[in-house]
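Enquirer: Below is one structure. I have some questions about it.
Protein chains in written order, with this note's numbering: chain Z, 1 to 541; chain A, 542 to 761.
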């Protein structure tokens, strides 16, 4: 008996855990791997730090094709797709753009799989007036190569460029005014979609903010329509953006969606993917470091050594070229609302991690990628939207950080912009932010000027630039986070002026950032590290 | 305060340049022999023009406009409409129309600031709905071109000076004005306004635009 007790004491120290996803740092805990742009830091965290991991990926469906066909033939609150088709009818298939999923998934992209089945059904029912429209709203137009990768060579060759193209929100003849909501909110939608007998939307809902009415009412709209809800007050009124029942953003979009439904026949196909962001070579990045095998450590050391020898641009290129291993876990079709509700429930199963209480200090690792910099640079405005917009909003109930608490960002905050994709961001950062960081002032004084700047409009329409108003939306997106958080500290920022311009403090290292945060919120402050990626959401009690 | 959009012409709004206009005139001389001689002479001179333009726009102007010496004013003006319909109009970039239209919708005055000669630029300005323009003018004596330009010669810094004076006279705020050009020689014209844009830029202007964080637009 006494021997058994002695053995137990000599064994591995039991970890303080709350389920498999929430781990507390102990005296002998392993250091944690933390994304910081294109680098991966290996950091010892203070004892007692709560580390939150994403749930393991839900197993993908064995036969995605069968699941998609079932969804088309057994839609929610709608007739089966084949029953809605007739020879000679005009059909527009709208598809999510390259911002989803994140990072882009390995081929075949789920959109290709769905489109192949859809086009087969349409062809079998004599429908040949079909256009494929990328619902990019004010995002940049996708390049030819990106469009080809998304739908596969066969569909690309058959439809591009006349019947497979990007939505152009600035085409003077390409938009139709559908009306206004009861609260006077404008709804302008893509003409081809409005004038179609049927619009089929092929959607990937990566986070709960996506999908639903946002697909058509935002994806195919213009500046006047989108500015209704992409504003600081709407974002500040969300608690959170990722919790649709408590999101003012979702409420406003649903109002616009009701106008869409009055004028258009929409058949919604919505999908949920699991969170298998990493393949077998890099899957250790999403796991608990205490449970690493020797092989995992070896892989990390090899990756760290390799990355240390490369310039940032090369590292960026490598990371951007690693596709995610996402798998389909749910597909529903039919009327927008019931379809979206089912998908949100599935996403919550995958992402939601229960947390007991908020923290005084929260650490956000900012990786190399966001929805707005695929094949490009995560510029300072996008670092801001990832931290104060997305990561702050990944909660249900309460934010992970307490009101007035401190947030630590891990990112180099380099002063780099992509001239081709983000030209208006450059002017926003260099001309406007030195004057003010007040989102309301920026909105009222400058937003229309940028939105109507002829150069930015033509760069959006003829090149691959985000719309002139887009950096404003990104700034507004962070309004909820800015209102809530007392201090933001960037750990490892490679310069002083970018954090200063964003209104943040700078620290040389994560350890120094934690010291600074403690001096702000108190020496006994509780700390939480949210281990993104992969995506996870906190359900905070 | 009012504002304007200033456009360079050749290479910015259309793909023709001064040499195209001259070549058209050379090709349409009175008498086939004269046409052939003038055309061949123009073709042979193209490398020299390019070298001069690369080195200095004023040097290019000095060399290039000498070739107009002896041309009849009547004939040049007569050929201008034909030149526009046959050469310039088809060469206007499709994006130019939309750029000007969006710019006009903003309430900006549309101003052409070009080194082209007045009689080639006027029909185009009319076609694009340009409100105001400044061009170069050939000097004529007794109805014949002398091969010189009347001062001020619109090129490089002169364009920027003209824009400053124009803005002051018309009550425009240059900080709110837009400027569009394709060429490094127009750097002063781009630098003088609050919203410069490099359009279809050459290599040197593209690099400069990147350094200055100016938008780079392709209208082609």
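Beta carbons: idealized from backbone N, C-alpha and C, even for Gly.
Does residue 553 of chain A come out as helix, strand or coil in the three-state DSSP assignment?
Expert: The residue given as residue 553 of chain A occupies position 12 in the second chain. It is coil, neither helix nor strand.
Enquirer: Which parts of the segment 305-366 of chain Z are runs of the beta strand (DSSP E), unbroken and 3 residues or longer, counting only runs that do not cross its ends?
Expert: Within the segment 305-366 of chain Z, the complete beta strand (DSSP E) runs of at least 3 residues are 328-334, 352-355.
Enquirer: I'd like to know whether the C-beta of residue 414 of chain Z is nearer than 8 angstroms to at least one C-beta of chain A.
Expert: Indexing the first chain from 1 puts residue 414 of chain Z at position 414. With 8 angstroms as the cut-off, residue 414 of chain Z does not count as an interface residue toward chain A.
Enquirer: Identify whether residue 194 of chain Z lies in helix, strand or coil by the three-state DSSP scheme.
Expert: By one-based count along the first chain, residue 194 of chain Z stands at place 194. Helix, per DSSP.
Enquirer: Rounded to whole angstroms, what's the CA-CA distance from residue 29 of chain Z to residue 528 of chain Z? Just pull it up for me.
Expert: For the purposes of this step, residue 29 of chain Z is identified with residue 29 of the first chain, where counting begins at 1. For the purposes of this step, residue 528 of chain Z is identified with residue 528 of the first chain, where counting begins at 1. Taking the straight line joining both Cα atoms gives about 15 angstroms.
Enquirer: In the structure shown, what three-state DSSP assignment does residue 651 of chain A receive?
Expert: Indexing the second chain from 1 puts residue 651 of chain A at position 110. Three-state DSSP puts residue 651 of chain A in a strand.
Enquirer: Does the distance from the CB of residue 766 of chain A to the CB of residue 419 of chain Z come in under 8 angstroms?
Expert: The structure shown does not extend to residue 766 of chain A, since chain A is modelled only from 542 through 761, so no value can be given for it.
Enquirer: Taking the C-alpha atoms as reference points, what is the distance between residue 317 of chain Z and residue 577 of chain A?
Expert: For the purposes of this step, residue 317 of chain Z is identified with residue 317 of the first chain, where counting begins at 1. For the purposes of this step, residue 577 of chain A is identified with residue 36 of the second chain, where counting begins at 1. Looking at the two C-alpha atoms, the distance is approximately 55 angstroms.
Enquirer: In angstroms, rounded to a whole number, what distance separates the CA positions of residue 171 of chain Z and residue 214 of chain Z?
Expert: Start at 1 with the first residue of the first chain, and residue 171 of chain Z comes out as number 171. Start at 1 with the first residue of the first chain, and residue 214 of chain Z comes out as number 214. Their Cα atoms are separated by approximately 21 angstroms.
Enquirer: Identify the continuous beta strand (DSSP E) that holds residue 386 of chain Z and give its terminal residues.
Expert: For the purposes of this step, residue 386 of chain Z is taken as the residue at position 386 of the first chain. Here residue 386 of chain Z belongs to no beta strand (DSSP E), and DSSP marks it neither H nor E.
Enquirer: I need the boundaries of the beta strand (DSSP E) containing residue 824 of chain A, first residue and last residue.
Expert: Nothing about residue 824 of chain A can be reported from this structure: the residues present for chain A run from 542 to 761 only.
Enquirer: With H, G and I counted as helix, E and B as strand and the rest as coil, what does DSSP make of residue 268 of chain Z?
Expert: Here residue 268 of chain Z refers to the residue found at position 268 of the first chain. Strand, per DSSP.
Enquirer: Taking DSSP as the reference, what is the three-state secondary structure of residue 17 of chain Z?
Expert: Mapped onto the first chain, residue 17 of chain Z falls at position 17. The answer is strand: DSSP assigns residue 17 of chain Z an E or B state.
Enquirer: With DSSP run on the structure shown, which of helix, strand or coil describes residue 165 of chain Z?
Expert: The residue you call residue 165 of chain Z lines up with position 165 of the first chain. It is a strand residue.
Enquirer: Is the shortest distance between the beta-carbon of residue 760 of chain A and the beta-carbons of chain Z less than 8 angstroms?
Expert: For the purposes of this step, residue 760 of chain A is taken as residue 219 along the second chain, with counting starting at 1. Cβ-Cβ to chain Z under 8 angstroms: yes for residue 760 of chain A.
Enquirer: Between Z:186, Z:99, Z:168, Z:169, which has its C-alpha nearest residue 150 of chain Z's C-alpha?
Expert: Taking the first chain and counting its residues from 1, one reaches residue 150 of chain Z at position 150. Checked all of Z:186, Z:99, Z:168, Z:169; the closest Cα to residue 150 of chain Z is Z:99.
Enquirer: Give the DSSP-derived three-state secondary structure of residue 748 of chain A in the structure shown.
Expert: Taking the second chain and counting its residues from 1, one reaches residue 748 of chain A at position 207. It is helical.
Enquirer: Between residue 723 of chain A and residue 603 of chain A, is the Cβ-Cβ spacing less than 8 angstroms?
Expert: Within the second chain, the letter at position 182 stands for residue 723 of chain A. Within the second chain, the letter at position 62 stands for residue 603 of chain A. It is not a contact, given that the beta carbons lie outside the stated cut-off.
Enquirer: For residue 528 of chain Z, write down the residues that DSSP places opposite it in a beta bridge.
Expert: The residue given as residue 528 of chain Z occupies position 528 in the first chain. Answer by DSSP bridge pairing, in chain order: Z:50, Z:362.
Enquirer: Between A:611, A:584, A:669, which lies nearest to residue 625 of chain A when the distance is taken from Cα to Cα?
Expert: Residue 625 of chain A sits at position 84 when you count from the first residue of the second chain. It is A:669 whose Cα lies nearest to the Cα of residue 625 of chain A.
Enquirer: How would you call residue 408 of chain Z, buried or exposed, if buried means at least 16 neighbouring beta carbons within 10 angstroms?
Expert: Taking the first residue of the first chain as 1, we reach residue 408 of chain Z at position 408. Residue 408 of chain Z should be labelled buried.
Enquirer: Nearest-angstrom Cα distance between residue 542 of chain Z and residue 243 of chain Z?
Expert: Outside the shown range of chain Z, which is 1 to 541, sits residue 542 of chain Z, and nothing can be said about it.
Enquirer: Does any residue of chain A have a CB that is nearer than 8 angstroms to the CB of residue 191 of chain Z?
Expert: Sequence index remark: in the first chain, residue 191 of chain Z carries index 191 (1-based). Cβ-Cβ to chain A under 8 angstroms: no for residue 191 of chain Z.
Enquirer: Any idea if residue 753 of chain A is buried or exposed, counting beta-carbon neighbours within 10 angstroms, 16 or more meaning buried?
Expert: The residue labelled residue 753 of chain A in the question sits at position 212 within the second chain. Classification for residue 753 of chain A: exposed.
Enquirer: How far does the beta strand (DSSP E) with residue 679 of chain A in it extend, from its first residue to its last?
Expert: One-based indexing of the second chain puts residue 679 of chain A at position 138. From DSSP, the beta strand (DSSP E) with residue 679 of chain A extends over 679-682.
Enquirer: For residue 203 of chain Z, count the other beta carbons within 10 Å of its own beta carbon; 16 or more makes it buried, fewer makes it exposed. Which is it?
Expert: Residue 203 of chain Z sits at position 203 when you count from the first residue of the first chain. So residue 203 of chain Z counts as buried.
Enquirer: Against chain Z, with Cβ distances strictly below 8 angstroms, would residue 639 of chain A count as a contact?
Expert: Counting from 1 along the second chain, the entry for residue 639 of chain A is found at position 98. So, interface residue.
Enquirer: Would you call the segment 526-540 of chain Z and the segment 382-396 of chain Z touching, i.e. three or more CB-CB distances under 8 angstroms?
Expert: These segments touch.
Enquirer: Need the endpoints of the beta strand (DSSP E) that residue 129 of chain Z sits in, please.
Expert: As a first step, residue 129 of chain Z must be located in the first chain, where it is residue number 129. Where residue 129 of chain Z is concerned, the enclosing beta strand (DSSP E) stretches over 129-134.
Enquirer: Run through the DSSP bridge pairs and tell me what residue 40 of chain Z is partnered with.
Expert: Counting from 1 along the first chain, the entry for residue 40 of chain Z is found at position 40. DSSP, once it has assigned bridges, lists Z:35 as partnering residue 40 of chain Z.
Enquirer: Would you say residue 376 of chain Z faces chain A, with C-beta separation under 8 angstroms as the test?
Expert: One-based indexing of the first chain puts residue 376 of chain Z at position 376. No - not a single Cβ of chain A is within 8 angstroms of the one on residue 376 of chain Z.
Enquirer: If we ignore side chains and look at the alpha-carbon of each, how far apart do residue 177 of chain Z and residue 186 of chain Z end up?
Expert: Looking up residue 177 of chain Z in the first chain gives position 177. Looking up residue 186 of chain Z in the first chain gives position 186. Each residue's Cα considered, the two are about 8 angstroms apart.
Enquirer: Measuring straight from C-alpha to C-alpha, what distance separates residue 33 of chain Z and residue 389 of chain Z?
Expert: Mapped onto the first chain, residue 33 of chain Z falls at position 33. Mapped onto the first chain, residue 389 of chain Z falls at position 389. Rounded to the nearest angstrom, the two C-alpha atoms are 23 angstroms apart.
Enquirer: Tell me whether the segment 92-107 of chain Z and the segment 355-365 of chain Z touch, counting them as touching only if at least three CB pairs, one residue from each stretch, are closer than 8 angstroms.
Expert: No: fewer than three Cβ pairs fall under 8 angstroms.
Enquirer: How would you write the range of the alpha helix (DSSP H) that residue 398 of chain Z sits in, first residue to last?
Expert: One-based indexing of the first chain puts residue 398 of chain Z at position 398. Neither: residue 398 of chain Z is in no alpha helix (DSSP H) and is coded neither H nor E.
Enquirer: Near residue 525 of chain Z, what residues of its chain come up, given a Cβ to Cβ distance below 6 angstroms and the 5 sequence neighbours on each side ignored?
Expert: In the first chain, the residue the question calls residue 525 of chain Z occupies position 525. Around residue 525 of chain Z: 360, 361, 518.
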